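Those protein sequence lines, which keep their order, are chains Z and P.
496 is the number of the first residue of the first sequence in our numbering; add one for each residue after it.
496 is the number of the first residue of the second sequence in our numbering; add one for each residue after it.
Note that the Cβ used here is the ideal one computed from N, Cα and C, for glycine as well.
Here the structure is a predicted model, which is why all the values come from computation and not from measurement.
2 protein chains.
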Amino acid sequence: MRSSTPECHSRLVKTSEDLPLHQRLGAEFQRRIESGEWPEGRPVPSESQLCAEFGTSRGPVRQALAMLRHEGSLTGGRGKPPVARRTAPSQPFGTFLSFTQWARTIGREPGQTTIEVARRRASPEAAARLGLVEGAPVVELVRLRLLDDVPAMLERSTFVHEVGRVLFDFDPDTGSVYEELLRREVDLHRARHTIDAVAADTHDAELLRVAVGDPLLRVRRLTTSGRGVPLEDADDRYLPAMATFTIENTIEGRTVIGRYRTEED
Amino acid sequence: MRSSTPECHSRLVKTSEDLPLHQRLGAEFQRRIESGEWPEGRPVPSESQLCAEFGTSRGPVRQALAMLRHEGSLTGGRGKPPVARRTAPSQPFGTFLSFTQWARTIGREPGQTTIEVARRRASPEAAARLGLVEGAPVVELVRLRLLDDVPAMLERSTFVHEVGRVLFDFDPDTGSVYEELLRREVDLHRARHTIDAVAADTHDAELLRVAVGDPLLRVRRLTTSGRGVPLEDADDRYLPAMATFTIENTIEGRTVIGRYRTEED
DNA sequence: CGTCAAGAGGTGTCTATACAAGTTACCGTT
DNA sequence: AACGGTAACTTGTATAGACACCTCTTGACG
Numbered sequence: 496m497r498s499s500t501p502e503c504h505s506r507l508v509k510t511s512e513d514l515p516l517h518q519r520l521g522a523e524f525q526r527r528i529e530s531g532e533w534p535e536g537r538p539v540p541s542e543s544q545l546c547a548e549f550g551t552s553r554g555p556v557r558q559a560l561a562m563l564r565h566e567g568s569l570t571g572g573r574g575k576p577p578v579a580r581r582t583a584p585s586q587p588f589g590t591f592l593s594f595t596q597w598a599r600t601i602g603r604e605p606g607q608t609t610i611e612v613a614r615r616r617a618s619p620e621a622a623a624r625l626g627l628v629e630g631a632p633v634v635e636l637v638r639l640r641l642l643d644d645v646p647a648m649l650e651r652s653t654f655v656h657e658v659g660r661v662l663f664d665f666d667p668d669t670g671s672v673y674e675e676l677l678r679r680e681v682d683l684h685r686a687r688h689t690i691d692a693v694a695a696d697t698h699d700a701e702l703l704r705v706a707v708g709d710p711l712l713r714v715r716r717l718t719t720s721g722r723g724v725p726l727e728d729a730d731d732r733y734l735p736a737m738a739t740f741t742i743e744n745t746i747e748g749r750t751v752i753g754r755y756r757t758e759e760d
Numbered sequence: 496m497r498s499s500t501p502e503c504h505s506r507l508v509k510t511s512e513d514l515p516l517h518q519r520l521g522a523e524f525q526r527r528i529e530s531g532e533w534p535e536g537r538p539v540p541s542e543s544q545l546c547a548e549f550g551t552s553r554g555p556v557r558q559a560l561a562m563l564r565h566e567g568s569l570t571g572g573r574g575k576p577p578v579a580r581r582t583a584p585s586q587p588f589g590t591f592l593s594f595t596q597w598a599r600t601i602g603r604e605p606g607q608t609t610i611e612v613a614r615r616r617a618s619p620e621a622a623a624r625l626g627l628v629e630g631a632p633v634v635e636l637v638r639l640r641l642l643d644d645v646p647a648m649l650e651r652s653t654f655v656h657e658v659g660r661v662l663f664d665f666d667p668d669t670g671s672v673y674e675e676l677l678r679r680e681v682d683l684h685r686a687r688h689t690i691d692a693v694a695a696d697t698h699d700a701e702l703l704r705v706a707v708g709d710p711l712l713r714v715r716r717l718t719t720s721g722r723g724v725p726l727e728d729a730d731d732r733y734l735p736a737m738a739t740f741t742i743e744n745t746i747e748g749r750t751v752i753g754r755y756r757t758e759e760d
């Protein structure tokens with residue numbers, strides 16, 4: 496037992512009480528912006544006023560403001576007081592990785608029809624991308640993904656065997672493979688999405704109900720663990736009429752990404 | 496002239512003129528990581544060592560390290576010294592906006608053939624996106640963009656008149672419109688890229704030398720000023736064999752975007 | 001009435017110090 | 001030899017003060 500920290504973090508209430516000061520300040524400032532207490536487009540209180548209000552020095556206040564500025568919620572500076580700006584948040588990792596979570600965030604009902612789930616030997620291409628020797632066992636999953644019962648995307652995933660084997664205890668028709676993997680504490684940590692366009696082959700065309708040769712938006716995804724070990728290699732083919740990807744970019748370097756339902760315009 | 500800091504950082508360190516100290520430090524640290532002077536995976540010098548080396552206090556050093564940490568080039572903390580990690584840098588705003596700059600960063604020679612540059616009245620769609628009244632004057636620019644003299648992308652840009660008029664003093668065959676606009680101090684500040692796939696129409700097919708109906712990777716771009724005023728609405732159609740977009744995403748929220756030459760694999 | 005200058009107040013930057021909390025290495029004990 | 005505790009070092013956090021530079025307002029002057 497330590498002698499110097501007898502009861503500091505022994506209470507139940509350490510939910511937010513125990514966080515560092517600048518984090519508490521940052522959360523409070525963010526709340527004020529989102530709640531409209533600090534109206535959008537209007538200057539927020541000056542640093543010295545905030546210091547006085549919370550009884551701290553400038554350091555934590557500036558650190559909290561810097562965090563919000565980096566997220567794009569605050570602009571301005573150098574003489575003029577910072578200005579609040581409510582922004583479209585970048586879609587979080589889960590929303591971007593999971594078709595199911597994505598569909599729900601845009602207010603659609605996700606669905607899926609499993610075409611195939613099989614344990615087989617890695618093809619040379621998949622083996623190369625997953626960092627396996629050719630012929631190593633992998634699990635392949637092919638599903639047709641639906642938005643409000645309409646075909647939207649054809650998903651071909653190849654999992655390394657250690658990850659994919661949990662799919663045999665799981666019915667991929669019932670929900671999100673991604674959420675199931677997280678429940679099993681699979682360390683999905685980073686994903687690299689490569690976007691291009693391909694023509695539908697006969698298989699794509701039949702399942703997505705388009706003509707052979709029609710353009711599809713393809714997203715190839717390599718998902719890796721925290722230590723960089725590849726876990727999944729996927730090839731998702733979207734109907735362009737159903738989904739688009741957006742990248743928003745400013746000269747200051749802030750980047751916001753999103754996947755959206757295609758708008759009819 | 497300061498009396499307390501006579502020659503501490505007057506020597507070689509001020510490589511880039513008059514920037515604030517923490518920015519110079521950050522640039523120097525980044526250089527050391529990229530050059531391998533601080534090997535990947537190995538702990539970097541401690542804060543106190545860096546303070547001693549550059550003759551500064553901990554503040555600027557910590558600010559510089561925080562910047563690199565936010566970009567993902569450094570990990571670690573609290574007790575254990577930070578560790579360098581070489582990462583694919585997020586492509587800066589200019590590289591992402593300018594075909595010319597992008598081509599150079601991937602080591603290709605950019606080229607262009609101007610198909611049309613014309614002042615005309617805004618179509619209803621373009622007017623809506625640019626926030627203009629229908630029929631307002633705009634400048635349309637259509638160019639075929641080349642990589643190493645091979646057609647790669649067909650670019651259709653619509654500029655608001657105030658921005659587009661400078662194009663009449665400028666030969667769009669000679670170089671980057673984007674750089675020219677920056678020279679004229681046009682406030683290009685934010686860009687929103689929407690990515691999908693389309694089939695080549697007869698015009699696309701002829702210029703890009705593909706068959707009608709072949710899949711193209713389309714990027715629609717709305718570029719706005721710092722105050723949110725739309726300046727340019729563009730429709731770029733890439734040959735999928737020539738360019739792809741990537742989005743890299745981690746559970747911690749770090750996002751890296753890039754545009755790359757399609758690899759043959 | 002317009003214009004320019006001074007001043008007040010704001011943020012950006014830097015220094016110096018102090019303590020808390022985590023990590024590592026070493027050394028003595030068992 | 002294995003174990004455990006301590007000491008040294010590291011980063012995280014917070015305070016206080018100082019000055020530079022920018023912005024906006026105000027007021028004096030032409």
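Contact of Z/T739 with chain P is assigned, a C-beta pair being separated by under 8 Å.
Taking C-beta atoms under 8 Å as the contact rule, Z/F654 and Z/L560 fail to qualify, at a distance of about 43 Å.
For the segment 722 to 735 of chain Z, the beta-carbon criterion of a distance under 7 Å to any beta-carbon of chain P is satisfied by P735.
For P/R573, no alpha helix (DSSP H) segment is defined, and its DSSP state is neither H nor E. Between Z/I690 and P/I690, the C-beta spacing is below 8 Å. Straight-line measurement puts the Cα of Z/E657 at about 38 Å from the Cα of P/F591. Here DSSP, grouped into helix, strand and coil, assigns Z/S530 to helix. Within the segment 570 to 641 of chain Z, the runs of beta strand (DSSP E) at least 3 residues long that lie entirely inside it are, in chain order, 575 to 579, 605 to 616. Z/F740 counts as buried, since no fewer than 16 other beta carbons sit within 10 angstroms of its beta carbon. Only residues of its own chain outside the window of five on either side were considered, and among them P735, A736, M737, A738, T739 have a CB closer than 8 Å to the CB of Z/T757, listed in chain order. Checking the DSSP bridge columns, you'll see P/G748 has no partner listed.
For Z/G571, none of the residues of chain P pass the 7 Å Cβ criterion, the least Cβ distance being about 11 Å.
Along the segment 663 to 694 of chain Z, the positions whose C-beta sits under 8 Å from a C-beta of chain P are L683, H684, R685, A686, R687, H688, T689, I690, D691, A692, V693, A694, read in chain order.
Non-local beta-carbon contacts of P/A695 in its own chain, meaning distances under 8 Å to residues more than five positions away in sequence, involve L703, V705, A706, V707, G708, D709, P710, L711, R732 in chain order.
In this structure, DSSP gives P/P515 a state outside helix and strand, which the three-state scheme calls coil. In the DSSP assignment, P/S652 falls outside any alpha helix (DSSP H) and within the unbroken beta strand (DSSP E) covering 645 to 655. Using a Cβ distance threshold of 8 Å, P/T718 and P/L677 do not count as a contacting pair. For P/H565, no beta strand (DSSP E) segment is defined; the enclosing uninterrupted segment is the alpha helix (DSSP H) at 553 to 566.
Excluding the 5 residues flanking it on each side, Z/Q586 has same chain C-beta neighbours closer than 6 Å at G753, in chain order. If you compare the alpha carbons of P/R553, P/E566, P/L514 with that of P/T750, the shortest gap goes to P/E566. Here Z/L636 is buried: its Cβ has 16 or more other Cβ atoms, across all protein chains shown, within 10 Å. With a 10 Å radius around the Cβ and a threshold of 16 neighbouring Cβ atoms, P/Q544 comes out exposed. Inclusion of Z/T595 and Z/E674 in the CB contact set at 8 Å is warranted, their separation being smaller than that value.
Under the 10 Å beta carbon count, P/A647 is surrounded by 16 or more other beta carbons and is classified as buried. When Cβ-Cβ separations below 8 Å define contact, Z/F524 makes no contact with chain P.
Taking each of P/K575, P/E743, P/W597 in turn and checking the Cα distance to P/P540, the smallest one comes out for P/K575.
Beta-bridge analysis with DSSP links Z/R537 to no other residue. The C-beta distance from Z/E743 to P/R715 rounds to 12 Å, too long to fall under 8 Å, and the pair is not in contact.
Residue environment: Z/V672 is assigned as buried (16 or more neighbouring CB atoms within 10 Å of its CB, all protein chains considered).
Contact annotation: Z/A617 and Z/V634 have beta-carbon atoms that are not nearer than 8 Å. Secondary structure at Z/T697: helix, using DSSP grouped into helix, strand and coil. Rounded to the nearest angstrom, the gap between the Cα atoms of Z/P577 and Z/E535 is 11 Å. DSSP, reduced to helix, strand and coil, places P/V714 within a strand of the structure shown. In this structure P/P538 is exposed. Its beta-carbon is surrounded by fewer than 16 other beta-carbon atoms within 10 angstroms. Comparing C-alpha distances from P/A522 to each of P/R553, P/S568, P/A547, P/S552 shows the shortest one belongs to P/S568. Annotated three-state conformation of Z/F663 is helix, per DSSP.
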